[in-house]
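Participant:
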Amino acid sequence: MKSTVKKENKLIKFLNSKKVVPYIFVLPFILSFSVLTLYPAIQAVVMSFQRILPGQVEFIGLANYRRLMNPVFYRAFRNTLLYTFFTLLVLIPVPMILAVFLNSKIVKFKTILRSALFIPSLTSVVVAGLIFRLIFAESGASIANQFIGLFGIDPIVWTTQSWSAIFLMVLLASWRWMGVNVLYFLAGLQSIPDEMYESADIDGANVFDKFRHITVPFLKSVTIFVTTISIIGGFRVFAESYVFWGASSPGNIATTLVSYLYQQGIQRNDMGFGAAVGVVVLIIIFLVSLIYLILTGAFKKETR
Amino acid sequence: MTNKNRKIVSIVLTTIIAIIGFISLFPLIALIISSFRPAVELIRNGITLNIDLENFSLTNYEYLFTEAAQYWRWYGNSLIVTILTVVLSLFFSSMVGYALGVYDFKGSGIIFLCVLLTMMIPFEIMMLPLYKLIVNLGLINTYTGIILPSIVAVNAVFFFRQFATGLPTELMDAARIDGSTEYGIFFKIMVPIMKPSFGAMTILLGLNTWNNFLWPLLVIRSNDLFTLPIGLQSLVSPYESNYNVLISGAVLSVLPIVVLFILFQKYFVSGLTAGGVKG
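So the sequences go chain by chain: G and F. Start counting the first sequence at 1302; every next residue gets the next number (this note's numbering). Start counting the second sequence at 17; every next residue gets the next number (this note's numbering).
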């Protein structure tokens, strides 16, 4: 009896000792990281070299990667690039300018506008997709077709043209993420000291000068950050395509890299091949992140 | 500039901003208005500018509340998954973040690096191997399968760690002298101080889980287990004619979030910019 009580006390003392406690605290992460992050990450690469059938896994070297060189994959790559490019075009300059407006002292109702811009990001991509599907419905009475009708253009079937497919996805993403990017730029703007603008005023600078020579340089690091996460977000695009077209669009006008991954890896259950698509996306994102780290000087040696 | 010029510029800019705000809210307003139009019209014409106040119709909502039992099952699933995920994730993520921020122990640097690395890996890359793992564990189509990957949320760990580096560690020594365990210090002293971070993370985790689409899409197989986004998306198809449930159901899935946002704006803003990643 006495020896078990002694053993329990020892265990409790051990678990409570200042040396051990931190490890107990982080244990959930260590477990979760090993099983749900590290292992799948390694598998993501390993699987790309395999053919995976129920009950049987076979190493096939670079065969999956050779299969990647097909028109659908190239189309998916092209669509993803276009999507990323256009979302960057919209979601960097526009939020920056809006943030400047929202930061200025002569604009009223700033909080309300900030909220109005932010609320779209509260919707799920499914609900957002539904709204835009309906606004851009093919009937002549839909808002989109009524709008282009004002310019004398006939109703368009928005979901079957290559250009409008990219347009819809970019529009959807822009609507949902405008507010979040505005917030990032606002945070960056608030770090600019007022004295800079005041001394520029004394020197007689006008609004555009001040923007170009004070605001933009000061926003450099925020801009690089937002650009990087936008590029990464662009290459991850899937739901924006799925909510309009599911996993397959007519003529692959809206197939993205991840749509292709989903289509092949989950729907066709060809997980090795899907993993190969995944590795390509991973390499691209890794390179983008590397460029980001270099640009922000993570590798620069400290100057003394 | 002169006072008069200032006033003019102010009015012009404010008007531009108001227009932009309206454009931003327009799609949601259109959704709400359309939910009061007969579903047949939506299927045929999509969302139109036909704000015919005469034909204001509650039929979609009537149907939703009387016949659409499936929808409410989805709502319940989303509630269960969201609440479980938030509670579990807050519990575990705060523990890890707290320890990383407050204790200086061997390996804490490496562990934090692993947290950062995990934040950088996009979910889409992991989804196939994670899916295979969940299949092998027999957790496909279960609540556990949906929730498991989210239990230790690295964004929240990061956020809690940052917050924890600013905690008053002097309190810890006093508490130790009083005989408190390290765990006691965390739960009884530090957690109350960390309340703002818990608020922000509740919002971040709650919102992301409620709206989560990709992982539930992979893991859920049966209609009864669908969460709201998956369920609603399943109604969107050229062949189905459940637009009455779809449109009213969509409104009801967004409404609680918007209401919560208006009430807890501060936490939304801090939580979501901490989240960082588009998801």
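Just so it is clear, CB atoms sit at the ideal spot from N, CA and C, and this is done for glycine as well. Remember, it's a predicted structure, so these values are computed and weren't measured experimentally.
Work out the CA separation of G:L1473 and F:K282 for me, nearest whole Å.
Facilitator: Between F:K282 and G:L1473, the C-alpha separation is close to 26 Å.
Participant: Give the interface partners of F:V173 over in chain G, defined as CB-CB distance under 7 Å, in chain order.
Facilitator: Those within 7 Å of F:V173 in chain G are F1330.
Participant: In three-state terms, what does DSSP make of G:I1515?
Facilitator: Helix.
Participant: Which residue wins for smallest C-alpha separation from G:I1436, given the options F:A115, F:V270, F:L44?
Facilitator: Of the listed residues, the one whose Cα sits closest to G:I1436 is F:L44.
Participant: So the alpha helix (DSSP H) G:F1486 belongs to, where does it begin and stop?
Facilitator: Start and end: 1463–1490.
Participant: Could you tell me the distance, in whole angstroms, from the CA atom of F:A191 to the CA atom of F:F202?
Facilitator: About 10 Å.
Participant: Tell me whether G:E1359 is buried or exposed, calling it buried when 16 or more other Cβ atoms sit within 10 Å of its Cβ.
Facilitator: Classification of G:E1359: exposed, given that the 10 Å Cβ count is below 16.
Participant: Going by DSSP, what residue range makes up the beta strand (DSSP E) through G:R1352?
Facilitator: Start and end: 1351–1354.
Participant: Would a check of beta-carbon distances place G:K1252 closer than 8 Å to chain F?
Facilitator: Residue coverage of chain G in this structure runs from 1302 to 1605, which leaves residue 1252 of chain G outside it and unanswerable.
Participant: From G:W1478 to G:V1471, what distance separates their C-alpha atoms?
Facilitator: So the two alpha carbons sit approximately 10 Å from each other.
Participant: By the criterion of Cβ-Cβ separation under 8 Å, what are the contact partners of G:F1512 in chain F?
Facilitator: Chain F residues near G:F1512: none, gap ~14 Å exceeds 8 Å.
Participant: For chain G, is any of its Cβ atoms less than 8 Å away from the one on F:N152?
Facilitator: No, its Cβ sits nowhere closer than 8 Å to a Cβ of chain G.
Participant: Tell me, please, whether the CB atom of F:V103 is closer than 8 Å to any CB atom in chain G?
Facilitator: Closer than 8 Å: no.
Participant: At a Cβ threshold of 8 Å, is F:N258 touching chain G?
Facilitator: Chain G, which has no Cβ nearer than 8 Å to the Cβ of F:N258, makes this no.
Participant: Find out if the Cβ-Cβ distance for the pair F:N61, G:S1443 is shorter than 8 Å.
Facilitator: A contact, by the Cβ cut-off of 8 Å.
Participant: According to DSSP, simplified to helix, strand and coil, what is F:G292?
Facilitator: Any reading at F:G292 must be qualified, since the residue scores a pLDDT of 47, below 50, and its modelled position is unreliable; no value is offered.
Participant: My parser needs the beta strand (DSSP E) runs of 3 or more residues fully inside the segment 1330–1403 of chain G; what are they?
Facilitator: Counting only runs of 3 or more, we get 1351–1354, 1357–1360.
Participant: Could you round the C-beta distance between G:F1689 and G:L1520 to whole angstroms and report it? I think they count as a contact, below 8 Å.
Facilitator: Outside the displayed span of chain G (1302 to 1605) sits residue 1689 of chain G, for which this structure offers no information.
Participant: Can you say whether G:V1517 is buried or exposed, counting buried as having 16 or more other CB atoms within 10 angstroms of its CB?
Facilitator: Under this definition G:V1517 is an exposed residue.
Participant: Please check if any C-beta of chain F sits within less than 8 Å of the C-beta of G:T1385.
Facilitator: By this cut-off, G:T1385 is not an interface position.
Participant: Hey, is G:P1323's beta-carbon within less than 8 Å of any beta-carbon in chain F?
Facilitator: So, interface residue.
Participant: How far does the alpha helix (DSSP H) with F:E186 in it reach, from first residue to last?
Facilitator: Counting along the chain, the alpha helix (DSSP H) containing F:E186 begins and ends at 186–193.
Participant: Using a Cβ cut-off of 8 Å (strictly closer), state whether F:G292 contacts chain G.
Facilitator: Because F:G292 sits at a pLDDT of 47, beneath the cut-off of 50, its placement in the model cannot be relied upon, and the following sentence gives the value as read from the coordinates. So yes, F:G292 belongs to the interface.
Participant: Using beta carbons (cut-off 8 Å, strictly below), is G:A1400 in contact with chain F?
Facilitator: So no, G:A1400 is outside the interface.
Participant: Would you say G:L1414 and G:L1403 are within 8 Å of each other, going by their C-beta atoms?
Facilitator: In this structure, G:L1403 lies closer than 8 Å to G:L1414 by Cβ.
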